[in-house]
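*Asks:* This structure is in C-alpha cells; I'll ask about it shortly.
Numbering (the working numbering), first residue to last: 10 to 107.
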C-alpha cells in the first residue's frame with residue numbers, strides 16, 4: 010500500500026518493466042474489480058518474419074515491419090545478434106478486439 014498519491018504516480022510512470030521478453034504493466038486497482046468479469050484485450054505474441062533477405066535484418070527495419078501487425082516490444086536474441094536462421098522474431102503486442 011502506498012502512503013500517498015505521489016508515490017503511486019512515480020511507480021506508474023516508471024513502467025512498463027522489461028521482463029525479457031515481455032513487459033509488465035501496472036494499473037490502478039479498482040474498488041469493484043472482479044477477475045471473473047475482467048477482459049484482457051491485449052496479448053504479447055512472437056511475430057515470425059519468414060524469407061526475409063539478410064539486408065533487411067536491421068532492428069529499425071524489423072521493428073517497422075512488425076509495427077504493421079501490432080506494437081513492437083523487442084527482438085529475440087538470435088535476431089538481435091543477427092544469428093541468421095529461417096526467420097526473424099519480434100515480440101509485439103496486439104489488440105485482440107481488432
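Ideal placement from N, C-alpha and C gives every residue a C-beta, glycine not left out.
Where residue 15 and residue 22 are concerned, what is the direct C-alpha to C-alpha distance, given to the nearest angstrom?
*Replies:* Your numbering for residue 15 matches position 6 in the chain shown. Your numbering for residue 22 matches position 13 in the chain shown. For residue 15 and residue 22, the distance between alpha carbons rounds to 10 Å.
*Asks:* Using three-state DSSP, classify residue 62 as helix, strand or coil.
*Replies:* Along the chain shown, one-based indexing puts residue 62 at 53. Coil.
*Asks:* Short of 8 Å in beta carbon distance, which residues of its chain neighbour residue 88, apart from the five on each side in sequence? Order them along the chain.
*Replies:* Translated into the one-based positions of the chain shown, residue 88 becomes position 79. Contacts found: 66, 71, 97, 98 and 99.
*Asks:* Pull up the CB-CB distance for residue 26 and residue 33, whole angstroms please, since I reckon it's below 8 Å.
*Replies:* Along the chain shown, one-based indexing puts residue 26 at 17. Along the chain shown, one-based indexing puts residue 33 at 24. With 8 Å as the limit, residue 26 and residue 33 qualify as a contact, their Cβ atoms being about 5 Å apart.
*Asks:* Among 91, 78, 40 and 59, which one has its Cα closest to the Cα of residue 53?
*Replies:* Position 44 of the chain shown, counting from 1, holds the residue named residue 53. The shortest C-alpha separation from residue 53 is found at 78.
*Asks:* Rounded to whole angstroms, what's the CA-CA distance from residue 62 to residue 94? Just pull it up for me.
*Replies:* The count along the chain shown starts at 1 and reaches residue 62 at position 53. The count along the chain shown starts at 1 and reaches residue 94 at position 85. For residue 62 and residue 94, the distance between alpha carbons rounds to 11 Å.
*Asks:* Once DSSP output is grouped into helix, strand and coil, what is the label at residue 104?
*Replies:* Here residue 104 refers to the residue found at position 95 when the chain shown is read from its first residue. Note: residue 104 maps to strand in three-state DSSP.
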